[in-house]
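Q: Start counting at 1 in the sequence shown, then tack on 1391, and there's your number in my numbering. Just so it is clear, CB atoms sit at the ideal spot from N, CA and C, and this is done for glycine as well.
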Amino acid sequence: MSTGESTARFGCLYGVGVGPGDPELVTLKAMRVLQEVPVICVPQAETSRDSYALEIVRSYLDQEKQEILRLTFPTDDEDAAGEVWREAANTVGERLYKSQDVAFITEGDPMLYSTFSYVLDATCQNFPDAAVEIIPGVSSVMAAAASAGVPLVTHGQRLAILPAVYGIDDLSEAIANYDTIVLMKVNRTLLQALANLEHLGLAGKGIYVRRASTAREEVVRDLTRLSSEDLDYFSLLIIKR
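1) Would you check if the distance between the CB atom of LEU1550 and the CB atom of VAL1541 is smaller than 8 Å?
2) Could you check what DSSP says for SER1626 in three-state terms: helix, strand or coil?
3) How should GLU1455 be labelled, buried or exposed, when 16 other C-beta atoms within 10 angstroms of its C-beta is the threshold for buried?
4) Judging by CA-CA distance, which residue of VAL1529, THR1514, GLY1473 is the nearest neighbour of LEU1487?
5) GLU1474 to LEU1511, Cα distance in whole Å?
6) Less than 8 Å between the beta carbons of LEU1404 and ALA1479, yes or no?
7) In three-state terms, what does DSSP make of GLU1437?
8) Would DSSP call ARG1400 helix, strand or coil?
9) If you run the structure through DSSP and keep just helix, strand and coil, what is LYS1596?
10) From VAL1424 to ALA1555, what does the alpha carbon distance come to, in whole angstroms?
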């Protein structure tokens, strides 16, 4: 993988973080790149009607002049998803080989639990001479903490970011070793996590943040009033000991 300007033969692959949802949180550099590149690569779950990342930056793009490559991937089949990303890397590589720059957009930050990492790995393996540049974005973790008005950690404290709640033992271990735990994308297991908090003596220690920075944002401090209807894929739970 090379960085910086693209070679004479290849275009540059940009991994662009577009933030948690508020278009005004897109960085100036991300906006500039998105308006300059001829190809925008858009990941989209097969269960979604549209791409959340694309919705964030749609107003910044010229879709009549820019090519929009939609990559639809399954969310519950790891093997099938892997094949999608390998094919996506080849599709991206074809544009890079034609000296076209490609921006792969992802909500939040490209290097934190992002679909971009899969395409990055495959692209670097198949097209090692292609230039790659990562443009960081505001992660949902930071946006949620800002919306809740709660510092994640202060001097000397430790932070754990987990993709899901796997069980009471996993949560117990995290709580024993870290001062703050952030559980990401926990819509399917959040209610069980709340029961675990009661069991662990952490009642009142959690804050649920849904769609931080957007018009649909919700910050819930009384977790007992949450129901399964309140849960959202773009949500997280902050637990402070």
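A: From the atom records:
1) The answer is no: Cβ separation not under 8 Å.
2) Strand at SER1626.
3) Answer is exposed; the Cβ neighbour count stays below 16.
4) Comparing Cα positions, the closest option is THR1514.
5) In a straight line, the C-alpha of GLU1474 is about 14 Å away from that of LEU1511.
6) No, they are not a contact pair.
7) It is coil, neither helix nor strand.
8) The three-state secondary structure of ARG1400, taken from DSSP, is coil.
9) It is coil, neither helix nor strand.
10) Inter-residue distance for VAL1424 and ALA1555 is about 32 Å (C-alpha atoms, whole angstroms).
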